[in-house]
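Peer 1: Have a look at this one.
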Amino acid sequence: MSDTKDLGFSPNEMMTIAASRALKSDDVCFVGIGAPSAACNVARLTHAPDITLIYESGTIGTAPDVLPLSIGDGELCETAVTTVAVPEMFRYWLQGGRISIGFLGAAQLDKFGNINTTVIGDYAHPKTRLPGGGGAPEIATSSRQVYITMAQSKRGMVEKIDFFTSFGHGEGGDHRRRLGINTAGPTLLITDLAIWKPDPVTKEFTVVSLHPGVSREQVQETCGWIVKFAEALDETTPPTELELKTLRDLQARTKAAHQGTAKGKAA
Amino acid sequence: MVKFLPLREAVAENLHDGDTVAFEGFTHLIPTAAAHEAIRQGFRDLTLIRMTPDLIYDQMIGMGMAKKIIFSYVGNPGVGLLRRARDAIENGFPRSIEVEEHSHAGMANAYEAGAAGLPCAVFRGYRGAGLASVNPNIKSVTCPFTGEALAAVPAIRPDVTFVHAQKADRKGNVLVEGIIGIQKEAVLAAKRAVVTVEEVVDNFDDLHPNLTVLPSWTIAAISVVPGGSHPSYTHGYYERDNAAYLEWDEIAADRDRFQAWMQKNVIESSADDFASRVEHLRKAA
């Protein structure tokens, strides 16, 4: 950010912590890798100790000590209540309606919560071939609600996405219903600058809370569509000491483990 | 009858130019040693199937062995993109490849249908998803009871599937545990299956009765390759080499560096080299 003040925490830390606060102990959360994974585990280590975290590798009720690099790190299985096969994961648990929150990140996002992680440019002749959807297309439609978290940028938050990897609210309004999708879809977007919720009628994401020290202009400058702000705009509560310490400790343990410097850690 | 074979022979007997082949492993138990043996033997025109084609398919595509990939996530999990696969898809280097892309749910259901002997899989999927309009193998069927529109994809039936697993007993039954992924379905869906294992034990008499065991008669060949899934991992034996996945991002970013790495670590290496690669990843007991 251009005029970063020293608030004692970074915009990314605020994003992860704000996202973690949206989760409750009785949630059953299908966790995307990256920012969602950090938020879900901070929630579990602070105010939502009984949250059920599910990763698409089949680990149900997992409680990793470090953040997994992939969705299938051994740590996830070792700490899980149970580990099921991938077809069972998608058929019984996701399609079966057991997931309350699908938590996704995005490479490209539009104002209706549609996500692209497939290609930049034309599908047949892509400028950049991204990894693709993985579990996301069905997480987006079978989870009862979808939360999205990503850092803001004009490249990432765009008027029109290049590819509909995961369907959010489509063109807005009742588009989900018209396609026979009976779940709520994206109900929350947490960025490094703000908290957004969809307008009840149009389903366009609207800023409902600015993070501490963030201006409306900053939100608009880092977003590719014309931003709508709620009439009663809140300020996000800054991270508590416990939240910050929990996140930083988790990230320090994770960094040590992934660089191979934690070889001596107890089995 | 299952045969215990050196990996070189197991691959040579079961894989052929032009085959449709799955080297499966959902982050865990990736059959890297088998893939490297296939690279050394230089097969061509393969159709590569895998939910998560990570490093080994990046390597096979980079070596020009694939004419087509069928997948649902073409990334380096937790790290980023697969740069050799990108080079093939974006630039046709070293050859252009055909792409058939699904979601994880689509692939998982398609493997299950293959194992079940069905022609296709039916599930609630791809709603509003762009893949349905770019992949002609994603179709829609109507439930004859409720009228609900459901997605249909063709069953996956590989000519041969390669997987890695913990252990075999002397009869050739194979135990898979931990994140079992799609291993069982990929084996049962294939015409032939080749399994690399960490070790062979006398018997499975003391196993819990509900563990995932592939009976010997579902497998064509077993090769004992300790460390054979590195830099993936084998639950109970050694941990995932996350540093190697991070390093791969740099190696694969450059065509020459990739070739040099492949020459040294694959072409001039053998299955016997895998054991030493996981030494530092074995947990202290």
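Residue numbers (my numbering), protein chains in the order written: chain H, 1 to 267; chain F, 1001 to 1285. Where a beta carbon is used, it is the ideal one built from N, C-alpha and C, also for glycine.
1) By a C-beta neighbour count over all protein chains shown, 10 Å radius and 16 as the cutoff for buried, is H/Ser2 buried or exposed?
2) Rounded C-beta distance between H/Phe112 and H/Glu171? I'm assuming under 8 Å.
3) Closest Cβ-Cβ distance between H/Leu130 and chain F: below 9 Å?
4) DSSP state of F/Ala1110, grouped into three classes?
5) What three-state label does DSSP hand F/Asp1087 in the structure shown?
6) Checking the sheet assignment: what are the DSSP bridge partners for F/Val1174?
7) Using DSSP with H/G/I as helix, E/B as strand and the rest coil, what is H/Val66?
8) Take the Cβ of F/His1028 as the centre, count every other Cβ of all protein chains shown within 10 Å, and call the residue buried at 16 or more, exposed below.
9) Rounded to whole angstroms, what's the CA-CA distance from F/His1164 to F/Gly1025? Just pull it up for me.
10) Based on Cα-Cα distance, which residue from H/Pro212, H/Leu242, H/Trp225, H/Ala184 lies nearest to H/Thr200?
11) Please report how far the alpha carbon of F/Phe1258 lies from the alpha carbon of H/Arg129, in whole angstroms.
12) Can you tell me whether H/Asn116 is helix, strand or coil according to DSSP?
13) I'd like to know whether the C-beta of F/His1208 is nearer than 9 Å to at least one C-beta of chain H.
14) On a Cα-Cα basis, can you pick out the residue from F/Pro1053, F/Arg1124, F/Asp1254, F/Gln1263 that is closest to H/Tyr92?
15) Taking the straight line between their C-alpha atoms, what separation do you get for H/Met150 and F/His1235?
16) Alpha carbons only, please: which of F/Pro1136, F/Ser1072, F/Glu1239, F/Ile1156 is nearest the one belonging to H/Thr165?
17) Could you tell me the alpha carbon to alpha carbon distance between H/Ala22 and H/Arg155, rounded to whole angstroms?
18) Name the residue from H/Leu104, H/Glu235, H/Asn12 whose alpha carbon lies nearest to the alpha carbon of H/Leu210.
19) Does chain F have any CB closer than 9 Å to the CB of H/Asp73?
20) Return the chain-ordered ranges of every alpha helix (DSSP H) run that is complete within the stretch 1052-1077 of chain F and spans a minimum of 4 residues.
21) Excluding five sequence neighbours on each side, which residues of the same chain lie with their C-beta closer than 7 Å to the C-beta of F/Val1074?
22) Cβ of H/Ile195 less than 9 Å from any chain F Cβ?
23) Would you tell me roughly how many angstroms separate the C-alpha atoms of H/Val208 and H/Arg216, rounded to the nearest one?
24) Quick check on H/Tyr92 - is its C-beta less than 9 Å from some C-beta in chain F?
25) In the DSSP assignment, the beta strand (DSSP E) including H/Asp234 goes from what residue to what residue?
26) Quick one: measure Cβ to Cβ for F/Pro1158 and F/Glu1199, integer angstroms, because I've assumed they're closer than 8 Å.
27) Determine the burial state of F/Cys1143: buried for a count of at least 16 other Cβ atoms within 10 Å of its Cβ, exposed for fewer.
28) At 4 residues or longer, and completely inside the stretch 121-209 of chain H: list those alpha helix (DSSP H) runs for me, N to C.
29) Run through the DSSP bridge pairs and tell me what F/Leu1046 is partnered with.
30) What separation, rounded to the nearest whole angstrom, lies between the Cα atoms of F/Gly1064 and F/Ile1049?
31) What are the residues that DSSP puts in a beta bridge with H/Ile60?
32) For a contact meaning CB atoms closer than 8 Å, what does H/His258 contact in chain F?
33) Tell me the DSSP secondary structure of H/Ile268 in three-state form.
34) Find the residues of chain H that neighbour F/Leu1081, judging by a C-beta separation of less than 9 Å, and give them in chain order.
35) Touch check for the stretch 1008-1021 of chain F and the stretch 1212-1232 of chain F: three-plus C-beta pairs under 8 Å?
36) Show which residues of chain H have a CB atom less than 9 Å away from the CB atom of F/Ala1022.
Peer 2: According to the data block:
1) One-based indexing of the first sequence puts residue 2 of chain H at position 2. Below a pLDDT of 50, predicted positions are generally treated as unreliable, and H/Ser2, at 44, falls in that range; the measurement from the model is reported next regardless. By the neighbour-count rule (16 or more Cβ atoms within 10 Å), H/Ser2 is not buried but exposed.
2) Counting from 1 along the first sequence, the entry for residue 112 of chain H is found at position 112. Counting from 1 along the first sequence, the entry for residue 171 of chain H is found at position 171. So it is a contact: roughly 7 Å between Cβ atoms.
3) On the first sequence, residue 130 of chain H is found 130 positions in, with the first residue counted as 1. At least one chain F Cβ lies under 9 Å of H/Leu130.
4) Against the second sequence, residue 1110 of chain F aligns to sequence position 110. Reduced to three states, the DSSP call for F/Ala1110 is helix.
5) Translated into the one-based positions of the second sequence, residue 1087 of chain F becomes position 87. Helix, per DSSP.
6) For the purposes of this step, residue 1174 of chain F is taken as the residue at position 174 of the second sequence. F/Ala1168, F/Leu1214, per the DSSP bridge assignment.
7) Here residue 66 of chain H refers to the residue found at position 66 when the first sequence is read from its first residue. H/Val66 falls in the coil class under three-state DSSP.
8) Translated into positions along the second sequence, residue 1028 of chain F becomes position 28. F/His1028 should be labelled buried.
9) Mapped onto the second sequence, residue 1164 of chain F falls at position 164. Mapped onto the second sequence, residue 1025 of chain F falls at position 25. The alpha-carbon atoms of F/His1164 and F/Gly1025 are separated by roughly 7 Å.
10) As a working mapping, residue 200 of chain H is identified with position 200 in the first sequence. According to the sequence as given, residue 200 of chain H is Pro; it is not Thr. Nearest of H/Pro212, H/Leu242, H/Trp225, H/Ala184 to H/Pro200, Cα basis: H/Ala184.
11) Counting from one through the second sequence, the residue named residue 1258 of chain F turns up at place 258. Counting from one through the first sequence, the residue named residue 129 of chain H turns up at place 129. When rounded, the distance between both Cα atoms is 19 Å.
12) As a first step, residue 116 of chain H is located in the first sequence; it is residue number 116 there, counting from the start. Three-state DSSP puts H/Asn116 in a strand.
13) Counting from one through the second sequence, the residue named residue 1208 of chain F turns up at place 208. With 9 Å as the cut-off, F/His1208 does not count as an interface residue toward chain H.
14) Translated into the one-based positions of the first sequence, residue 92 of chain H becomes position 92. For H/Tyr92, the nearest C-alpha among the options comes from F/Arg1124.
15) In the first sequence, residue 150 of chain H corresponds to position 150, counting from 1. In the second sequence, residue 1235 of chain F corresponds to position 235, counting from 1. Looking at the two C-alpha atoms, the distance is approximately 32 Å.
16) Stepping through the first sequence from its first residue, residue 165 of chain H is reached at position 165. Among F/Pro1136, F/Ser1072, F/Glu1239, F/Ile1156, the Cα nearest to that of H/Thr165 is on F/Ser1072.
17) To locate residue 22 of chain H, count along the first sequence from 1; it is residue 22. To locate residue 155 of chain H, count along the first sequence from 1; it is residue 155. Going from the Cα of H/Ala22 to the Cα of H/Arg155 covers about 26 Å.
18) As a position in the first sequence, residue 210 of chain H is number 210, starting the count at 1. Among H/Leu104, H/Glu235, H/Asn12, the Cα nearest to that of H/Leu210 belongs to H/Glu235.
19) Position 73 of the first sequence holds residue 73 of chain H. Answer yes: the Cβ-Cβ gap between H/Asp73 and chain F drops below 9 Å somewhere.
20) 1055-1062
21) Locating residue 1074 of chain F in the second sequence gives position 74, where the first residue counts as 1. Closer than 7 Å at the Cβ level, and outside the excluded window around F/Val1074, lie Pro1053, Leu1082, Ala1085.
22) The count along the first sequence starts at 1 and reaches residue 195 of chain H at position 195. No, because no Cβ of chain F sits closer than 9 Å to the Cβ of H/Ile195.
23) On the first sequence, residue 208 of chain H is found 208 positions in, with the first residue counted as 1. On the first sequence, residue 216 of chain H is found 216 positions in, with the first residue counted as 1. In a straight line, the C-alpha of H/Val208 is about 11 Å away from that of H/Arg216.
24) Reading the first sequence from its first residue, position 92 is the one you call residue 92 of chain H. Not an interface residue.
25) Sequence index remark: in the first sequence, residue 234 of chain H carries index 234 (1-based). Where H/Asp234 is concerned, the enclosing beta strand (DSSP E) stretches over 228-235.
26) As a position in the second sequence, residue 1158 of chain F is number 158, starting the count at 1. As a position in the second sequence, residue 1199 of chain F is number 199, starting the count at 1. The pair is not a contact, with the Cβ atoms about 26 Å apart (cut-off 8 Å).
27) The sequence position of residue 1143 of chain F within the second sequence is 143, counting from 1. The C-beta of F/Cys1143 has fewer than 16 other C-beta atoms within 10 Å across all chains shown, which makes the residue exposed.
28) 136-142, 175-178
29) As a first step, residue 1046 of chain F must be located in the second sequence, where it is residue number 46. DSSP lists F/Ala1066 as partners of F/Leu1046.
30) Locating residue 1064 of chain F in the second sequence gives position 64, counting from the first residue. Locating residue 1049 of chain F in the second sequence gives position 49, counting from the first residue. Distance between the alpha carbons of F/Gly1064 and F/Ile1049: 15 Å.
31) The residue given as residue 60 of chain H occupies position 60 in the first sequence. According to DSSP, H/Ile60 bridges with H/Ile54, H/Thr82.
32) The residue labelled residue 258 of chain H in the question sits at position 258 within the first sequence. In chain order: Asn1242, Ala1243, Leu1246.
33) In the structure as shown, chain H begins at 1 and stops at 267. Residue 268 of chain H is therefore absent and cannot be evaluated.
34) Here the question's residue 1081 of chain F lines up with position 81 in the second sequence. Thr128, Arg129, Leu130, Pro131, listed in chain order.
35) yes
36) In the second sequence, residue 1022 of chain F corresponds to position 22, counting from 1. Residues of chain H passing the Cβ test: none, with the nearest at roughly 13 Å.
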